[in-house]
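Colleague:
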Amino acid sequence: MKIGFLFPGQGSQTVGMGKDLYENYEIVREIYDKAEEITKIPIKKLSFEGPEEELNKTQNTQLAILTMSLAITKLLETEGIEADISAGLSLGEYSALINSKAITIEDGFKIVKARGKYMQELCPKGDWKMAAIMGLTEEQVNEGISKVKSGFVKAANFNTEGQIVLSGETKAIEEACTYLKEMGAKRALPLNTAGPFHTEKLIESSKALRAELENYTFNKFESKVIKNLTGDTYYRDKDNIKEILANHIVNPVQFKKTLEKMLEEGIDTFIEIGPGKTLSGFLKRIETDKEIKILNISNVETYKNTLSILKGE
1166 MKIGFLFPGQ GSQTVGMGKD LYENYEIVRE IYDKAEEITK IPIKKLSFEG
1216 PEEELNKTQN TQLAILTMSL AITKLLETEG IEADISAGLS LGEYSALINS
1266 KAITIEDGFK IVKARGKYMQ ELCPKGDWKM AAIMGLTEEQ VNEGISKVKS
1316 GFVKAANFNT EGQIVLSGET KAIEEACTYL KEMGAKRALP LNTAGPFHTE
1366 KLIESSKALR AELENYTFNK FESKVIKNLT GDTYYRDKDN IKEILANHIV
1416 NPVQFKKTLE KMLEEGIDTF IEIGPGKTLS GFLKRIETDK EIKILNISNV
1466 ETYKNTLSIL KGE
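Counting in the working numbering, the sequence shown tops out at residue 1478, every number present.
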């Protein structure tokens, strides 16, 4: 068995996430308490009780998802379950880097707090939106958005076969969705995010994060991480990790390539770690002749189910 961890990104958050895990496992409580101690943000209250509009603020969302994902990885460690390779969608890449020990958990909380702050506060003023387009090719999506006249819109996430996320101004996104539905898109789904993420509109956020990252040292990877920017493996000696993470904010997420790379590397058991099952859905749409298991952990029930499958019970 070769295990791959998948970590979700912004948009997967829901009020109540992580609550039953926190109530049932000491190691989970330790991670949540550590996160609050380091960030001075009420992550438990935001995650478990909301309100939704507060949880959905970029900085709060990112810390809440990161904390839940890391708490679950620590819980799995108590059972001797670790990843051979990990990857995450956008924000989720930080969970993967922390899980691989390239970033300490303490530094991870500080970096993600800063990242969320910069993405929220340095986001240009305007009415921004993201939307997932299902059922069209990259070429068709690009053709559709080239017709848009009402504002800025770009393809920002290449998630899986037949799913591409657009990022831009609300009017332009709505116009693009109209064209793309006429071209045969099965669905055009607005996402629970609050900015023109993964486009050049966040250049000021990217610059601020790059300066912030100078305060941190990255360590030797204890397991492989696949990067969103290209769908290739991180190599500490060759890659300028700080540059990659800053560029990450203003460039498209190549998640389809990321999943294909994990399959190419021989991963046969995937575990999505954190709220929702979005990444599991992406994986199911990737063409492969390999037999793979797709598991997820988002609460006590799914944690126990995953353990019993991994242990062959």
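Even for Gly, the Cβ is constructed at its ideal location relative to N, Cα and C.
So what does Leu1220 bridge to, in DSSP terms?
Modeller: Looking at the DSSP assignment, Leu1220 forms no beta bridge with any residue, so it has no partner.
Colleague: Within the same chain, show all residues whose beta-carbon is closer than 7 Å to that of Met1427, passing over the 5 residues directly before and after it, in chain order.
Modeller: Cβ neighbours of Met1427 beyond the five flanking positions: Gly1169, Ile1250, Ala1252 and Ile1391.
Colleague: Please name the residue in Glu1369, Lys1209, Val1277 and Ala1261 whose C-alpha comes closest to that of Tyr1381.
Modeller: The shortest Cα separation from Tyr1381 among Glu1369, Lys1209, Val1277 and Ala1261 belongs to Val1277.
Colleague: Suppose the cutoff is 7 Å on Cβ atoms and the five residues either side in sequence are ignored; what does the same chain contact list for Glu1219 look like?
Modeller: Counting only Cβ-Cβ distances below 7 Å, and skipping sequence neighbours, we find Leu1211 and Asn1225.
Colleague: Would you list the residues sitting across from Thr1434 in a DSSP beta bridge?
Modeller: DSSP output for Thr1434 lists Ile1168 and Lys1458 as bridge partner(s).
Colleague: Going by other Cβ atoms of all chains shown within 10 Å of its Cβ, with 16 needed for buried, is Asp1292 buried or exposed?
Modeller: By the 10 Å Cβ count, Asp1292 comes out exposed.
Colleague: Would Thr1364 be called buried (16 or more neighbouring beta carbons within 10 Å of its own) or exposed?
Modeller: It counts as buried.
Colleague: Ends of the alpha helix (DSSP H) at Gly1333?
Modeller: Taken as a continuous stretch (DSSP letters only), Gly1333 belongs to no alpha helix (DSSP H), being part of the beta strand (DSSP E) at Gln1328 to Glu1334.
Colleague: Take Ala1411 and list the residues in its own chain whose beta-carbon comes closer than 7 Å to its own, dropping the five residues that flank it on each side.
Modeller: Ser1371, Leu1374, Arg1375 and Leu1378.
Colleague: In chain order, what residues of the same chain lie with their CB nearer than 6 Å to the CB of Glu1214, ignoring the 5 residues before and after it?
Modeller: Excluding sequence neighbours, Glu1214 sits near nothing in its chain.
Colleague: Which full runs of the beta strand (DSSP E) of 3+ residues lie inside the region 1304–1366, going along the chain?
Modeller: Taking only runs of at least 3 residues, the beta strand (DSSP E) segments lying wholly in the region 1304–1366 are 1318–1325, 1328–1334 and 1352–1355.
Colleague: For Val1390, does the three-state DSSP call read helix, strand or coil?
Modeller: Note: Val1390 maps to strand in three-state DSSP.
Colleague: Could you tell me which uninterrupted alpha helix (DSSP H) segments, each at least 4 residues in length, are contained entirely in the region 1268–1296, listed from first to last along the chain?
Modeller: The region 1268–1296 contains these whole alpha helix (DSSP H) runs: 1270–1286.
Colleague: My parser needs the alpha helix (DSSP H) runs of 4 or more residues fully inside the region 1197–1269; what are they?
Modeller: Correct list: 1208–1213, 1217–1220, 1223–1242 and 1257–1264.
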